[in-house]
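Here's the structure we're looking at; comments come further down.
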Amino acid sequence: MSRTQSNSLLIRCGAVVLSALQVFAGLPTPAFAQDANNDQAADLQTRTPIKHVIVILGENRTFDHVFATYKPVGNQTVSNLLSKGIVNADGTPGPNYSLAVQNQAQDTGSYSVSPAISGPYTFLPAPLAGGPTVPYLSSIAEAKMLEPGLANDTYYSYLTTGGTGLPKGTVDTRIPNATTLPSGPFQLTPGVAYNDYAASPVHRYYQMVQQLDCNASYATASNPSGCRNDLFPWVEVTVGAGSNGKPQPVGFNDMSTGEGSTAMGFYNVQQGDAPYLKYLADHYSMSDNYHQAALGGTGLNHIEIGMGDAIWYSDGNGHPATPPANEIENPDAQPGTNNYYTQDGYSGGSYSECADSSQPGVKSVVGYLGSLQRPVKPNCEPGHYYLLNNYNPGYFGDGTVDTKDTYTVPPSTVRTIGDALLAKNISFAFYGDQWNNYVANPTTLPGNLYCNICNFLQYSTSIMTNPTLRATHIKDSVDLYADIQKGTLPAVSYVKPNGLADGHPASSKLDIFEGFVKKIVDGVQANPELWESTAIFITFDEGGGYYDSGYVQPVDYFGDGTRVPMIIVSAHTLPGHISHTYADHVSILKFIERNWNLNPLTGRSRDNLPNPQTTQANPYVPVNSPAIGDLFDLFQFGSGNEWGR
Numbered sequence: 054m055s056r057t058q059s060n061s062l063l064i065r066c067g068a069v070v071l072s073a074l075q076v077f078a079g080l081p082t083p084a085f086a087q088d089a090n091n092d093q094a095a096d097l098q099t100r101t102p103i104k105h106v107i108v109i110l111g112e113n114r115t116f117d118h119v120f121a122t123y124k125p126v127g128n129q130t131v132s133n134l135l136s137k138g139i140v141n142a143d144g145t146p147g148p149n150y151s152l153a154v155q156n157q158a159q160d161t162g163s164y165s166v167s168p169a170i171s172g173p174y175t176f177l178p179a180p181l182a183g184g185p186t187v188p189y190l191s192s193i194a195e196a197k198m199l200e201p202g203l204a205n206d207t208y209y210s211y212l213t214t215g216g217t218g219l220p221k222g223t224v225d226t227r228i229p230n231a232t233t234l235p236s237g238p239f240q241l242t243p244g245v246a247y248n249d250y251a252a253s254p255v256h257r258y259y260q261m262v263q264q265l266d267c268n269a270s271y272a273t274a275s276n277p278s279g280c281r282n283d284l285f286p287w288v289e290v291t292v293g294a295g296s297n298g299k300p301q302p303v304g305f306n307d308m309s310t311g312e313g314s315t316a317m318g319f320y321n322v323q324q325g326d327a328p329y330l331k332y333l334a335d336h337y338s339m340s341d342n343y344h345q346a347a348l349g350g351t352g353l354n355h356i357e358i359g360m361g362d363a364i365w366y367s368d369g370n371g372h373p374a375t376p377p378a379n380e381i382e383n384p385d386a387q388p389g390t391n392n393y394y395t396q397d398g399y400s401g402g403s404y405s406e407c408a409d410s411s412q413p414g415v416k417s418v419v420g421y422l423g424s425l426q427r428p429v430k431p432n433c434e435p436g437h438y439y440l441l442n443n444y445n446p447g448y449f450g451d452g453t454v455d456t457k458d459t460y461t462v463p464p465s466t467v468r469t470i471g472d473a474l475l476a477k478n479i480s481f482a483f484y485g486d487q488w489n490n491y492v493a494n495p496t497t498l499p500g501n502l503y504c505n506i507c508n509f510l511q512y513s514t515s516i517m518t519n520p521t522l523r524a525t526h527i528k529d530s531v532d533l534y535a536d537i538q539k540g541t542l543p544a545v546s547y548v549k550p551n552g553l554a555d556g557h558p559a560s561s562k563l564d565i566f567e568g569f570v571k572k573i574v575d576g577v578q579a580n581p582e583l584w585e586s587t588a589i590f591i592t593f594d595e596g597g598g599y600y601d602s603g604y605v606q607p608v609d610y611f612g613d614g615t616r617v618p619m620i621i622v623s624a625h626t627l628p629g630h631i632s633h634t635y636a637d638h639v640s641i642l643k644f645i646e647r648n649w650n651l652n653p654l655t656g657r658s659r660d661n662l663p664n665p666q667t668t669q670a671n672p673y674v675p676v677n678s679p680a681i682g683d684l685f686d687l688f689q690f691g692s693g694n695e696w697g698r
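Counting in the working numbering, the sequence shown runs from 54 upward without gaps.
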């Protein structure tokens, strides 16, 4: 997720300024008005003992960024920087460090997903400081006013500590030898302490595509997508978060985008980092082959989580339309620059008509997909401009719309998991931290850190224009804690922390997100009946632009992207089990659909893809690509060790 100017949350001195939302006038009231009251019997008609699913969505961490040095328990194996010999247990370069070498490239004309390599970096561009110089909050009391969902005062204290002590965009001198780092991953800690704020890498669509450097000519039997993951810092320093349509600044250099090689940093769980997430991985189930569903940032990934598809620019009444020119992506390099995009950024381009190969950027992506040994269909409909990055949803929390903000997605008619659950009378809720404050005053309320682009229901006409459905199915996190305590949890729950607690680099920290997760896990476990019937899915919306060494499978124009952590906490898992089955965010949809006997959302949604088939030699790569799992293999139902039956 990116907290930026016109379409996101800005954290300054502990307060948040919420940007204005665009409203589209004249929308009809939809005919969809199903009774929001559910029949509890429908909730209980499941294929497994799981009657409640809770999905907790953090922000912007790849699998290797968190679990680079993780050693699994028992006889399990894991794919990470340590197991591949890229780093040693102490975080230093390992014998196979060259597998993660980062290159420089040249892209001075039309955009290329795999630009011409000009050689590896001798030293990485220096990682730069990001986040607050001093902590956003000054006291635990203030922290508790803004965030009700941390496990205890230790976690609340993290909101008052960890300032960088450095000006933003300067060399991060907390990292030893920051200007002479070798050309690959480096350990953040202890220089940047685990409780310190740190910078956030770029995480936009066309940038992430380039960072992966995918080319059919690079394909091998073990890596059939041909993605080398070797251009992370180069993209950071050449374009960063985008141009917003403005010319490249005079004197542009490796520090101009404010990132340097931030993307290459990782934590070390063997030295005490991410202790709670490590505890959960040791005692429950984890996937080391779970991916962000879309290249790019928070908005599109949350949309994929709830819709299994991308959404597109419309007239607000369900008909495709052409967005304003400054909202259309153009990743072609500006004349005289190396890879500085023409029109891209949070106050710039975010839509692409990916069915038209004459559109900027599209030809290279579609050409790559078609050149693979198993060609991949882009799944783009003609005349549709698909959202690739972060724009605000078209609705306020009270269901009204606005026409003032340019960077807002018109109301969407794409079917959501909410529509599917309503049709079967199965209960569900999206619990957005600070939702109540946001509904009361979505544009000016200080301290409101609710994430509007994270709520896939807030884009949806069928939900947002029906007051009963809004009130029943969109709630605050305080309602989640009450529902857990009372045993009134719905069948399906999505939970989003606010901007202080979601773990997003620079604006939050991973240890604060751990405290948010722990409160929910502890609450469920304190209710024995609920614990026996609940599965808690803990993941991150996207990798945030951090490096990851895992295989990436292309499934359509929009993704997949890098691996992100996925841990499932349940009484029905075995301690330390690690699944290698290929999965992404739409796998959560597939789990819900299989468990509650639902059909795929639409004829084109990604939950139609088959479960992966693999060889014994390589359990990570589906031979029937594109394919994504349904996460059943992270559970043990019944007796014995028969996973996912």
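From the three backbone atoms N, C-alpha and C, an ideal C-beta is built for every residue, glycine too. None of the values given here were measured: they were computed from a predicted structure.
Taking all protein chains in view, the Cβ of Gln666 is surrounded by fewer than 16 other Cβ atoms within 10 Å, so the residue is classified as exposed. Thr101 sits away from Asn650, with the two beta carbons spaced by 8 Å or more. In the pairwise beta carbon analysis, the region 340 to 355 is classified as touching the region 595 to 612: at least three pairs are separated by under 8 Å. Between Ala121 and Pro238, the C-beta gap is smaller than 8 Å, which places the two residues in contact. Secondary structure note for Ser417: its alpha helix (DSSP H) is the uninterrupted segment Val415 to Ser424.
In the structure shown, Gly389 adopts coil according to DSSP, grouped into three states. No residue range can be given for Lys221, since it is assigned to no alpha helix (DSSP H) and is classified by DSSP as neither H nor E. Cys407 and Pro277 have their alpha carbons spaced roughly 23 Å apart. DSSP places Gly244 in the coil class of the three-state scheme, outside both helix and strand. Listed as beta-bridge partners of Ile109 by DSSP are Val548 and Ile591.
Beta-bridge analysis with DSSP links Lys528 to Tyr484. Here the C-alpha atom of Pro550 lies approximately 13 Å from the C-alpha atom of Asp564. For Tyr394, the enclosing beta strand (DSSP E) has its first and last residue at Tyr394 to Gln396. Here Pro388 is exposed. Its C-beta has fewer than 16 other C-beta atoms within 10 Å.
In chain order, Ile620 and Ile631 place their CB closer than 6 Å to the CB of Met339, counting only its own chain and leaving out the 5 sequence neighbours on each side.
In the structure shown, the three-state DSSP call for Trp365 is strand.
Listed as beta-bridge partners of Thr668 by DSSP are Asn671. Leaving aside the five residues that flank Lys528 on each side, the residues in its chain whose CB is nearer than 6 Å to its CB run, in chain order, Ala482 and Tyr484.
If you ignore the 5 residues before and after Thr655, its C-beta comes within less than 6 Å of the C-beta of Arg468, all in its own chain and listed in chain order. In terms of Cα proximity to Tyr366, the closest of Asp249, Ala493, Gly402 and His557 is Gly402.
With contacts defined as CB atoms closer than 8 Å, Leu199 and Leu502 qualify as a contacting pair. Counting the other Cβ atoms within 10 Å of the Cβ of Gln240 gives 16 or more, which makes it buried. Bridge partners of Ile620 according to DSSP: Met339 and Ile591. If you draw a 10 Å sphere on the C-beta of Thr232, you find fewer than 16 other C-beta atoms in it, and that means exposed. Per DSSP, Gly172 lies in no alpha helix (DSSP H) segment; the continuous beta strand (DSSP E) that holds it begins and ends at Ala169 to Pro173. A straight-line Cα-Cα distance of about 20 Å links Ala153 and Pro229. Following the DSSP letters along the chain, one finds Ala473 inside the alpha helix (DSSP H) bounded by residues Ile470 to Ala476. Looking at the DSSP output, Ile631 bridges to Met339.
Taken atom to atom, the span from the alpha-carbon of Leu687 to that of Asp637 is near 14 Å. Annotation: Met261 to Thr615 spans about 9 Å, alpha carbon to alpha carbon. By the neighbour-count criterion, in which a residue is buried when 16 or more other Cβ atoms sit within 10 angstroms of its Cβ, Asp341 is buried. Taking 4 residues as the minimum length, the alpha helix (DSSP H) runs contained wholly in the region 551 to 588 are 563 to 578 and 581 to 585, in order along the chain.
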